[in-house]
Amino acid sequence: MMVENAVADLMIQAGTVVTVNPNREILSEAAIVISEGKIVAIERDPQRASRWRSKRIIDARKRVVFPGLVNTHNHLFQNLLKGLGDDRVLQRWFQEVTGPAAVHLTPEDCYVAALLGCAEALRSGTTTMLDFMYPHPQPLLSDAILRAFRETGIRGILARGFFDAGQEAGVPAEILQPADAALADCERLIETYHGTENGRIRVWVAPCAIWGQTPEGILKAKELADRYGVGMTMHVSETPWEIENAQQRFGLRDLPFLDSLGVVDRRFLAVHGVYFDAHDIDILRKRRASVSHNTISNMYLSSGPAPVPEMLQAGVTVGLGTDGAASNNNQNMVQMLKFTALLHKAVRRDPTVITAGKVLEMATIDGARALGIEDEIGSIEVGKRADLMICDFHTLATTPNHHPVSTLVYSALGSEVCTVIVDGQVVVDERRLCMVDEAELLSRATT
């Protein structure tokens, strides 16, 4: 029974709510009531909404509310490398630009890069991000990124990566680490940060890629992840070169080899999968593993289109990721929606192969599922954390708005995002960053 004059922290009076709930409902003139970081009510009747006394009311009656977007793969340190890796395939991009630059990273570099990336992501509607931090030429680089997560208010997963092999493949000696040392640091990060900020910050384990790992290091990483019940993520089958490396060293393609080690399971997130074949997809299906599809990065590096339609048809969970800003070159998940839908339509010559509705699911509830937090975020439902974006479609690009999902996917630029809420806290208010001094950040990032 509804209590009269119940108190809430925040109420959003919405013109339209795209819930992405199990019934994929789109509500008109509904109110979202938030208390202690959670959605406690969705009032479909304005009269019922008036029973709530809220500390703040956001008037979004001419706007559209969506679940916050979920970015399942990123490299935040690369925000300082935008535009330096143009027109190269992955091997040259890493060997000539990203790898050499990573050698010189400092905690201050990583902090500023992460602030810049998180701020840009929040401004365009991303509320959850996994950052895959693999180069560690000196201590405390991951701590700097976690500090940026805490200060910006974004929901963040720090995947502590490492290379324990791969010099012959171009991994600089300065960022090679023995697996035991890397995983000891990862354990320190888990013990220190995992579950902090009311659960908003998490830590995962992340051996980088088959061409930069020893089997022993991968197995030790999996053991650590299992011991703490956290996820493990790894770049897999991004290019033919990656697969050839695995075949030459181990006699198997990379995903089957990882499966032979016992590391592919429900908590395993494979990044890219551009060259997955039918056998690989069957492994993912059987093990209930997930995939992060990085559409723009795969196009930028000319890696190719991943077999996403086949993965979806097999029932594999596929989320979306921007990848790092050295191969994208921004943090705009709204752009990812359009690129993803259109790439696969063009390649398959089938306009229905990935619909607007499906690509929104990939960026919200499916991304949350890939990260193992679909019970907490990814849709607008009572009991979930209040991670939301509010869009103003009264713009030249998005007028007329005949259908909010189509408008977001095919018309929006990202600048339509006007308010963003993470864990019940307003972190972008009328396009203004609430937790970051934007002018100061821009100055720090360009000096």
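Numbering (the numbering used here), first residue to last: 8 to 454.
We put the CB at the ideal spot given by N, CA and C, even for glycine.
{"Asked": "Among L17, D93, A37, K45, nearest to A333 - alpha-carbon criterion", "Found": "D93"}
{"Asked": "Other residues of its chain near E423: CB distance less than 7 Å, five sequence neighbours each side excluded", "Found": "C398, D399, F400, T402, T405"}
{"Asked": "P53 - DSSP class collapsed to helix/strand/coil", "Found": "helix"}
{"Asked": "CB of E43 within 8 Å of CB of G431, strictly", "Found": "yes"}
{"Asked": "Buried/exposed call for R55, threshold 16 Cβ in 10 Å", "Found": "exposed"}
{"Asked": "Which of helix, strand or coil DSSP assigns to M442", "Found": "coil"}
{"Asked": "Inter-residue Cα distance where the pair is P316 and A172", "Found": "34 Å"}
{"Asked": "C-alpha distance - P29 paired with V210, whole-angstrom precision", "Found": "28 Å"}
{"Asked": "Contact check, I152 vs A108, beta carbons under 8 Å", "Found": "no"}
{"Asked": "Pairwise C-alpha distance: M239 and A232", "Found": "6 Å"}
{"Asked": "Contact under 8 Å by Cβ, V354 with S310", "Found": "no"}
{"Asked": "Given E445 as reference, the closest of T133, A126, F257 once Cα atoms are compared", "Found": "A126"}
{"Asked": "First and last residue of the uninterrupted alpha helix (DSSP H) at E245", "Found": "Unbroken run through E245: none, as it is neither H nor E."}
{"Asked": "Cβ-based burial, P146 [other Cβ within 10 Å; buried from 16]", "Found": "exposed"}
{"Asked": "Backbone CA spacing between W248 and Y307 [nearest angstrom]", "Found": "17 Å"}
{"Asked": "R95 versus G177 - alpha carbon distance", "Found": "15 Å"}
{"Asked": "Rounded C-alpha distance that separates V323 from D284", "Found": "13 Å"}
{"Asked": "Nearest candidate by alpha-carbon position, reference L196, set M140, G124, L112, E181", "Found": "M140"}
{"Asked": "Chain D contact for M140 (CB, 8 Å cutoff)", "Found": "Reference to chain D is not applicable here, since this structure consists of a single protein chain."}
{"Asked": "Environment of V433 [buried if 16+ CB atoms lie within 10 Å]", "Found": "buried"}
{"Asked": "Anticipated Cβ contact below 8 Å, G421 with G132, distance rounded", "Found": "7 Å"}
{"Asked": "CA-to-CA distance, L291 to T155, given in whole angstroms", "Found": "Note on identity: in this sequence residue 155 is Ala, with Thr being the wrong assignment. Each residue's alpha carbon lies about 33 Å from the other."}
{"Asked": "Span of the beta strand (DSSP E) around S297", "Found": "297-300"}
{"Asked": "Run of the alpha helix (DSSP H) containing E115, from where it starts to where it stops", "Found": "114-130"}
{"Asked": "Distance, D357 Cα to H82 Cα", "Found": "32 Å"}
{"Asked": "Whether G224 touches M442 by CB criterion (8 Å)", "Found": "no"}
{"Asked": "The region 356-374 in contact with the region 190-206 per 3-pair CB rule at 8 Å", "Found": "no"}
{"Asked": "Limits of the unbroken alpha helix (DSSP H) element including A456", "Found": "Within the shown structure, residues of the chain are numbered from 8 to 454, placing residue 456 beyond reach of any answer."}
{"Asked": "C-beta contact flag for I384 and T135 at 8 Å", "Found": "yes"}
{"Asked": "Beta carbon of V40 nearer than 8 Å to that of V72", "Found": "no"}
{"Asked": "Distance between N408 and T414 (C-alpha atoms, nearest Å)", "Found": "6 Å"}
{"Asked": "Closest Cα partner of L183 within the set G206, P214, N205", "Found": "P214"}
{"Asked": "Alpha-carbon to alpha-carbon, R60 and D192", "Found": "47 Å"}
{"Asked": "Of the residues A128, T454, T246, A296, the one placed nearest D266, counting alpha carbons only", "Found": "A296"}
{"Asked": "Boundaries of the alpha helix (DSSP H) in which F346 is found, first to last residue", "Found": "340-355"}
{"Asked": "Under 8 Å between C-beta atoms of I46 and K293", "Found": "no"}
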